[in-house]
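**Q** Got a structure for you, questions after.
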Amino acid sequence: MTGGGKDKDVVDDDVITTEVATELAYILPPSPVDQPTPDATSPSPPSPPYLLLLAPGAFIPALSYLPLIRAIRSATPPSLRKRLWVAVLKEITVPDPVKGKTWARDGYEAAVKAVKEMGADVTSGGGTPRVFALGHSVGAFLMTPVVRESCLALIQLGAWHNFEETSLQQFPRPTLTIIGSRDGQAPPISMALAVKELYPGTSGALSGDSSGGSSVVAPGSATAAALGPLLSIVQKPFVIIKGMNHAQGGNGVVNRERGDLEASRPVEEVREEIGRLVSAFILLHLHSDNGWAPLLLAGGSSEEGGEGGSGGVGGEEGVRGGVGGRMGGVE
0 MTGGGKDKDV VDDDVITTEV ATELAYILPP SPVDQPTPDA TSPSPPSPPY LLLLAPGAFI
60 PALSYLPLIR AIRSATPPSL RKRLWVAVLK EITVPDPVKG KTWARDGYEA AVKAVKEMGA
120 DVTSGGGTPR VFALGHSVGA FLMTPVVRES CLALIQLGAW HNFEETSLQQ FPRPTLTIIG
180 SRDGQAPPIS MALAVKELYP GTSGALSGDS SGGSSVVAPG SATAAALGPL LSIVQKPFVI
240 IKGMNHAQGG NGVVNRERGD LEASRPVEEV REEIGRLVSA FILLHLHSDN GWAPLLLAGG
300 SSEEGGEGGS GGVGGEEGVR GGVGGRMGGV E
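In structure tokens form, the structure reads like this:
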């Protein structure tokens, strides 16, 4: 598929619905093997669905993100995977920032409406809609204001944080930033320096290597003093995947004209690692319903899960397991 073209239906182990809305490329319901089966003997109501909304990078075909989506679904525990819906916006081909913001907002509203019509109401129960926005490159930048108003959390993949909205430190939603050490379009050194400026006191730039070869930038003493060391890294984890370039967040085609570099790791391996990180982050924040945002804005502190903050993952112990076990660990 070329830029601006119409997505084709894909027949595979994924179920893809096209033409549900002009703003959307496709929707992936939970796979048939993962969907919950009615149980007349169970008194418990079914767990509510949640939505991963993916915003592609500029000029990158929406279908190029299918392998990444599969990696995320594969890394997601079955109990959550059966509730996971995915919607992908149509590729953005207009660099105009005003139209880009409209693309993001309209796409969000279309996705929430579309999955509701298909039986998955991510707005049920009140509070913040159960939506996680994953943006690649400019897609993340444009989704930031939408996340601030209407999502549980933001995942930035190969992207600069949108400082037009607010600083990363003050942004009231949990934000996972993932970039590659070989990313020539969102250089990791510049990004790490930006984080160091946001979190004064960060010693070194990186802390902890995972088996997958990633590192986590740990927030420094200033942020830890305001939020608590555990809360700060749970809220704003910053991960550099070694050997990953900018293209591997999307279609894998290196854009040398824009300065991207050749990757030193296979794209399949990188996608698996991204999948594990995204899955862990969603697990941490799925039940938060904005529970941490007041602490961020007020400068409160907490080192424990607390009510609402990490429900469903076992409080502090569960959070440590998710961050330490899946996100590489922070010392």
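Residue 120 in numbering that gives the first Met the number 0 sits at position 121 of the sequence shown, with consecutive numbering throughout. All C-beta atoms, glycine included, are put in the ideal place defined by N, C-alpha and C. Since we're looking at a predicted model, the values are computed, not measured.
Evaluate S263 with the Cβ neighbour count: other Cβ atoms within 10 Å of its Cβ, from every protein chain shown; 16 or more gives buried, anything less gives exposed.
**A** Per the 10 Å Cβ criterion, exposed.
**Q** Roughly how many whole angstroms lie between the Cα atoms of R257 and G183?
**A** Distance between the alpha carbons of R257 and G183: 8 Å.
**Q** Nearest CA to the CA of P55: which residue from R255, G106, P47 and Y49?
**A** Of the candidates R255, G106, P47 and Y49, the one whose C-alpha sits nearest the C-alpha of P55 is G106.
**Q** Name the residue from I68, M142 and G118 whose alpha carbon lies nearest to the alpha carbon of K98.
**A** K98 has its Cα closest to that of M142, out of I68, M142 and G118.
**Q** Using 8 Å for Cβ pairs, my map puts A139 next to L23. What's the rounded Cβ distance?
**A** Going by Cβ atoms, the distance from A139 to L23 rounds to 18 Å, so no, they are not a contact pair.
**Q** Comparing C-alpha positions only, which one of L27, I240 and P76 sits nearest to I68?
**A** Taking only the C-alpha atoms, the option nearest I68 is L27.
**Q** Whole angstroms is fine: what's the gap from L62's alpha carbon to R129's?
**A** Each residue's Cα considered, the two are about 24 Å apart.
**Q** As a quick exercise: from N250, V269, E268 and L83, pick the residue whose alpha carbon is nearest that of E90.
**A** E90 has its Cα closest to that of N250, out of N250, V269, E268 and L83.
**Q** Measure the C-alpha to C-alpha separation of E268 and G179 and round it to an integer number of angstroms.
**A** About 13 Å.
**Q** How big is the Cα-Cα spacing for G248 and G125?
**A** Those two C-alpha atoms are separated by around 33 Å.
**Q** Determine the burial state of E272: buried for a count of at least 16 other Cβ atoms within 10 Å of its Cβ, exposed for fewer.
**A** Buried.
**Q** Helix, strand or coil for A132, going by three-state DSSP, please let me know.
**A** If DSSP states are grouped into helix, strand and coil, A132 belongs with the strands.
**Q** With three or more C-beta pairs closer than 8 Å as the rule, is the stretch 169–177 touching the stretch 141–159?
**A** The stretch 141–159, when compared against the stretch 169–177, does touch it at the 8 Å Cβ threshold.
**Q** Does the beta-carbon distance from R72 to R82 come in below 7 Å?
**A** In this structure, R82 does not lie closer than 7 Å to R72 by Cβ.
**Q** Following the continuous beta strand (DSSP E) through G126, name the residue where it begins and the one where it ends.
**A** Here G126 belongs to no beta strand (DSSP E), and DSSP marks it neither H nor E.
**Q** Are the beta-carbon atoms belonging to V238 and A246 less than 7 Å from one another?
**A** It is not a contact, given that the beta carbons lie outside the stated cut-off.
**Q** For the beta strand (DSSP E) containing F237, name the first residue and the last one.
**A** That run of the beta strand (DSSP E) goes F237 to I240.
**Q** Considering only C-alpha positions, which residue in the set R147, A86 and V121 is nearest to E163?
**A** Comparing Cα positions, the closest option is R147.
**Q** Looking at the unbroken alpha helix (DSSP H) that takes in P145, where does it start and where does it end?
**A** Checking the sequence shown, residue 145 turns out to be Val, not Pro. Segment V137 to S149, the alpha helix (DSSP H) holding V145.
**Q** When you compare each of P171, R172 and D259 to R181 by their alpha carbons, which one comes out closest?
**A** Checked all of P171, R172 and D259; the closest Cα to R181 is D259.
**Q** Just mark T127 as buried or exposed, buried being the case when its beta carbon has 16 or more other beta carbons within 10 Å.
**A** The residue in question, T127, is buried, as its Cβ has 16 or more Cβ neighbours within 10 Å.
**Q** Between which residues of its own chain and A132 is the CB-CB distance below 6 Å, once the five residues before and five after are set aside?
**A** Result list for A132: L52, M142, V146, C150 and L153, in chain order.
**Q** Do A74 and R275 come within 7 Å of each other at the CB atom, strictly closer than that value?
**A** Against a cut-off of 7 Å, the Cβ pair of A74 and R275 comes out as a contact.
**Q** Taking only the alpha-carbon atoms, compute the straight-line gap between P66 and V266 and give it to the nearest angstrom.
**A** For P66 and V266, the distance between alpha carbons rounds to 10 Å.
**Q** Could you give the DSSP three-state label for Q155: helix, strand or coil?
**A** DSSP places Q155 in strand when its eight states are reduced to three.
**Q** Per the DSSP calculation, G179 is bridged to which residue(s)?
**A** In the DSSP output, where bridge partners are listed per residue, G179 has I240.
**Q** Would you grab the beta carbon distance between A119 and W84 for me? Rounded to a whole angstrom, and I think it's under 8 Å.
**A** So it is a contact: roughly 5 Å between Cβ atoms.
**Q** Evaluate S278 with the Cβ neighbour count: other Cβ atoms within 10 Å of its Cβ, from every protein chain shown; 16 or more gives buried, anything less gives exposed.
**A** Flag for S278 reads buried.
**Q** If you run the structure through DSSP and keep just helix, strand and coil, what is T174?
**A** DSSP places T174 in strand when its eight states are reduced to three.
**Q** What are the boundary residues of the alpha helix (DSSP H) that L79 is part of?
**A** It spans P77 to R80 - the alpha helix (DSSP H) in which L79 sits, taken as one unbroken run.
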